[in-house]
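Participant:
Number of protein chains: 2
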Amino acid sequence: MESKGFVYSVLVLFFLGFQGCAAGRLLTDPKPDKDAVAAYARWLVSQNSWGVLNTISIELKGSPFGNVVSFSDGVPNKGIGVPYFYLTTLDPTAKNALKDQRSSFTVSEYPLGTCGNADPESPTCAKITLSGKLVQLEANSKEAEFAQTALFTKHPEMKEWPKNHDFPFFKLEIKDIFMINWFGGPKPLTVDQYLKYKTNKSAIVN
Amino acid sequence: MESKGFVYSVLVLFFLGFQGCAAGRLLTDPKPDKDAVAAYARWLVSQNSWGVLNTISIELKGSPFGNVVSFSDGVPNKGIGVPYFYLTTLDPTAKNALKDQRSSFTVSEYPLGTCGNADPESPTCAKITLSGKLVQLEANSKEAEFAQTALFTKHPEMKEWPKNHDFPFFKLEIKDIFMINWFGGPKPLTVDQYLKYKTNKSAIVN
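Protein sequence lines, in the order shown, are assigned to chains B and U.
Using the numbering used here, the letters of the first sequence correspond one by one to residues 1 to 206.
Using the numbering used here, the letters of the second sequence correspond one by one to residues 1001 to 1206.
1. Mark D35/B as exposed unless 16 or more other C-beta atoms lie within 10 angstroms of its C-beta, in which case mark it buried.
2. Kindly confirm or deny that the region 1032-1050 of chain U and the region 1115-1135 of chain U touch, where touching means at least three C-beta pairs closer than 8 angstroms.
3. Quick one: grab the DSSP three-state call for P83/B.
4. When the cut-off is 8 angstroms and only beta carbons count, does S1072/U lie next to chain B?
5. I need the DSSP call for F239/B, collapsed to helix, strand or coil.
6. What are the partner residues of S104/B, as DSSP defines its beta bridges?
7. Does R42/B come within less than 8 angstroms of chain U when only Cβ atoms are used?
8. Using a Cβ-Cβ cut-off of 6 angstroms (strictly less than) and excluding sequence neighbours within five positions of I174/B, which residues of its own chain qualify?
9. Starting from the C-beta of S72/B, find all residues in its chain whose C-beta is less than 6 angstroms away, skip the five residues before and the five after it, and write them out in chain order.
10. Within 8 angstroms (strictly less), CB to CB, does I1056/U reach chain B?
11. Just to make sure I have the definition right: I need the residues of chain U whose C-beta is within less than 9 angstroms of the C-beta of L195/B. Which are they?
12. Under 8 angstroms between the Cβ atoms of P1064/U and I177/B?
13. For G66/B, return the contacting residues in chain U, with the cut-off set at a CB-CB distance below 7 angstroms.
14. So, with DSSP's three-state summary, where would you put F1167/U?
15. Please list, in chain order, the chain U residues whose beta carbon lies closer than 8 angstroms to that of L69/B.
16. What residues in its chain sit with their C-beta under 7 angstroms from that of N1164/U, if we drop five residues either side in the sequence?
17. I'd like to know if Y1084/U contacts chain B, where contact means its C-beta is closer than 8 angstroms to some C-beta of that chain.
18. May I ask which residues mark the beginning and end of the alpha helix (DSSP H) holding S70/B?
19. E173/B by DSSP, collapsed to three states: which one?
20. Are the CB atoms of I1058/U and N1096/U within a distance shorter than 8 angstroms?
21. Whole angstroms are fine: how far does the CA of Y1086/U sit from the CA of E143/B?
22. Please list, in chain order, all residues of the same chain as G1062/U whose beta carbon is under 8 angstroms from its beta carbon, the five residues on each side excluded.
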């Protein structure tokens, strides 16, 4: 009967894997080797569901303004590395970007639960900052359609968000990548290496 | 014996509460009512252990640069609302701040695991951005001592970080607060209301 209790506990563990943890989603892909830099960066972006999007504040006269946002780089297991966003223009972030496109998007490995006992600031708990331009997508364009599918698949709640709150789709056009996933400072990684890295099941948007 | 299995499962649940989830720490304080704005903001900051610290990038010619960092606003249950940081000057964030102090610090409720089924971008899953000046503390000052205790208590790994990597203590001098914790846009909250709010067990640093 001891083994019955064990089986029960394993079931609880399994169930918690789906529901109990803060990351809120099931990790489907294993973590790449730390030296496979492009693979690691793409994994970090694809596995995460949210991050902090930074713009230059209009209201605070040029100060850097970070905001918690959800994002998606594609449907699960088919991420393309480019983060897409669904932002209301009632929010300062979208307003700021429409005036000054300079932006960065920061994501941590910590909420994925794969950092073991490492501190969130430890270099062994990866972090990535994609810098570039935050660009509004043309309504009803092919890319806006891609963004909608990518976002609504990973964030089903977005389908219900009020249309009268003016939610255009945005993307970050990446110009620079800063990633630390081990000791020794940021890893060398060009935007080209990052974007062209083919995940096993990757898809390219036209 | 069924009840033995149940007890076993509860033990597993209990254990996971400490170890299994991405937030990585035990929540000690209950979540305040959404309309208790200052209490909510102080809770959100005190319960979190990491966030994204934004500065104006030197290297990227004025772009906003977000970076994942650990922080502390005091020892557990004695937070004062001011985020303190332990940042190496080898990292762009500290370098940027030493040239231009304008900064913001963004924290999400999502990794605390208290958002239920809400999406990380949902207004019902709280987010706060503290904007102001990122200031280096004078070495061996009373405030640097407070920062060290606050940080090393919540982030014991920091004690072991290499001293030759030049880790001064910093704090964010808060000038503006942006918090959303429900529908209807950012909550009105002055810096004074935020800083003067007394948590049950709060302590004030001199």
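Using N, Cα and C, we set each Cβ at its ideal position, and we do this for glycine too.
Facilitator: So, from the data block:
1. With a 10 Å radius around the Cβ and a threshold of 16 neighbouring Cβ atoms, D35/B comes out exposed.
2. Result yes; three or more Cβ-Cβ pairs closer than 8 angstroms.
3. P83/B: coil per DSSP, three-state reduction.
4. Closer than 8 angstroms to the CB of S1072/U there is not a single CB belonging to chain B.
5. Because chain B spans 1 through 206 in this model, residue 239/B falls outside it and cannot be assessed.
6. Paired residues: N54/B and S131/B.
7. It does not; no Cβ of chain U falls within 8 angstroms.
8. The beta carbon of I174/B sits closer than 6 angstroms to the beta carbons of L130, G132 and V191 from its chain, once the five residues preceding and following it are set aside; these are given in chain order.
9. If we look at S72/B and ignore the five residues flanking it on each side, its Cβ neighbours are Y84, A150, L151 and K154.
10. Interface with chain B (8 angstroms Cβ-Cβ cutoff): I1056/U is included.
11. Contact of L195/B with chain U by beta-carbon distance below 9 angstroms is absent, the smallest such distance being about 18 angstroms.
12. In this structure, I177/B does not lie closer than 8 angstroms to P1064/U by Cβ.
13. Residues of chain U passing the Cβ test: V1052, N1054, G1066, S1104, T1106 and T1129.
14. F1167/U falls in the coil class under three-state DSSP.
15. Checking the sequence, you will find Val at residue 69/B rather than Leu. Contact note: V69/B reaches chain U through P1120 and E1121, using a C-beta cutoff of 8 angstroms and chain order.
16. Nothing meets the Cβ criterion.
17. Not a single C-beta of chain B is nearer than 8 angstroms to the C-beta of Y1084/U.
18. Per DSSP, S70/B belongs to no alpha helix (DSSP H); it is in the beta strand (DSSP E), P64 to S70.
19. It is a strand residue.
20. Against a cut-off of 8 angstroms, the Cβ pair of I1058/U and N1096/U comes out as a contact.
21. Rounded to the nearest angstrom, the two C-alpha atoms are 41 angstroms apart.
22. Closer than 8 angstroms at Cβ, skipping near neighbours: I1056.
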